[in-house]
Amino acid sequence: MALNSIQENASRLGMRIQESLSEHTRDLALVGRSANASYFDSAEDKIKQISTQLTSNSDRDKLDAMKRLIALVSKGRNVSEFFAQVVLNVASPNLEIRKLVYIYLIRHAASEPDLTLLSINTFQKDLADPNPLIRAMALRVLSAIGVPMTGNVVAMGIKKCATDPSPYVRKAAALAIPKCYALIHLDVVRTDWTPHFTARY
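In C-alpha cells:
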C-alpha cells in the first residue's frame with residue numbers, strides 16, 4: 004500500500020515537472036518566433052547596453068533589451084542582475100514588452116520576492132486583462148513569488164482563473180494549485196487556516 008502511494012506521488016511529481024518544462028518551452032518560443040540571430044549574441048558590450056535600454060523612454064529599446072535577456076535565459080545564462088530594471092516595465096502599455104517581462108519574472112520571481120511584491124497590484128489587475136496570455140502569465144508570476152503572505156492572493160487568483168473562458172488560463176490555474184498549497188501550508192504552522200481555505204476555495 005505504501006509502495007503504491009510512493010509510486011503515485013512520484014508519478015504526479017513527474018507530471019508537474021513535465022508541465023513546467025512545457026510551459027517554459029512555450030514561453031521561450033514567443034521570443035524565438037520574432038527574434039533573429041543577433042539577440043543570441045552574448046558579447047559583453049551588448050549585455051552592458053541592456054540596463055540602459057531597459058530604462059530608456061523608447062519602447063523599441065526596451066523590447067530589444069527584453070528579447071536579448073530572454074535569449075540569454077534560453078542559453079542558460081543567469082541574468083538576475085537586471086531584475087530591478089525589468090520589474091519597472093511590468094505595467095508597460097506595450098503588450099510585447101509586458102509578455103517578455105512576465106516570462107522573465109516567472110523565471111526569477113522566487114529569487115527576488117521583495118522586488119516582485121512591489122508590483123503585486125499590477126499582477127492582480129492583469130488577471131482581468133483582455134489578453135488570455137497576460138492573464139495566465141500574471142497568475143504564474145503570482146504563484147512563483149514564493150512568499151507565504153501571498154498565499155491568499157494566489158488562491159483568489161486561482162478561483163478567478165479556474166472559470167476563465169480560455170483553456171490556457173484554466174490550465175495555468177490548475178498548475179498554480181500545488182504552489183498555492185505550499186504557500187498556504189507554510190502559514191498553517193502559525194494559524195489553523197486550512198479549514199477556512201478549503202471552505203472558501
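Remember, the numbering used here sits 3 above the position in the sequence shown when you count from 1.
C-beta: ideal position from N, C-alpha, C; glycine also.
So what does DSSP say about VAL89, is it helix, strand or coil?
helix
Kindly indicate which three-state DSSP category VAL144 falls into: helix, strand or coil?
helix
How is the alpha helix (DSSP H) around ALA74 delimited, first residue to last?
62-77
Coil, strand or helix - LEU130 by DSSP
coil
For VAL156, I'd like the list of residues in its chain whose CB is within less than 8 Å of its CB, leaving aside the five on either flank, ordered along the chain.
ILE123, GLN127 and LEU145
With burial defined as no fewer than 16 other Cβ atoms inside 10 Å of the residue's Cβ, what is the status of ASP117: buried or exposed?
exposed
What is the DSSP secondary structure of THR119, counted as helix, strand or coil?
helix
If you run the structure through DSSP and keep just helix, strand and coil, what is VAL104?
helix
Buried or exposed for ASN92, going by 16 or more other Cβ atoms inside 10 Å?
buried
Alpha carbon to alpha carbon, how far is ALA185 from ALA147? Give it in angstroms, no decimals.
11 Å
Do GLY154 and ALA176 have their C-beta atoms within less than 9 Å of each other?
no
Is the beta carbon of TYR2 less than 9 Å from the beta carbon of ALA131?
The displayed coordinates of the chain run from 4 to 204. Any statement about residue 2 would go beyond what the structure contains.
Round the Cβ separation of ILE53 and PHE86 to the nearest angstrom and send it over; I've been treating them as touching at under 8 Å.
ILE53 to PHE86, Cβ: 12 Å. No contact.
Note down, in chain order, each residue of its chain lying with its Cβ closer than 8 Å to the Cβ of ILE137, except the 5 sequence neighbours on either side.
LEU98, ARG101, LYS102, TYR105 and ASP129
Candidates PRO135, LYS65 and LEU120: which alpha carbon is nearest PRO151's?
LEU120
With respect to 8 Å, is the separation between the Cβ of THR125 and the closest non-hydrogen atom of the ligand NAP below this value?
By its list of ligands, the structure shown contains no ligand whatsoever, and the ligand NAP lies outside what it can speak to.
I'd like the list of long-range same chain contacts for THR166, defined as Cβ closer than 7 Å, with 5 residues on each side in sequence excluded.
none
So GLY149 is in the alpha helix (DSSP H); what residue range does that whole segment cover?
Taken as a continuous stretch (DSSP letters only), GLY149 belongs to no alpha helix (DSSP H), as it is neither H nor E.
Can THR58 and ALA94 be called in contact, C-beta distance under 9 Å?
no
Would you check if the distance between the CB atom of SER114 and the CB atom of SER77 is smaller than 9 Å?
no
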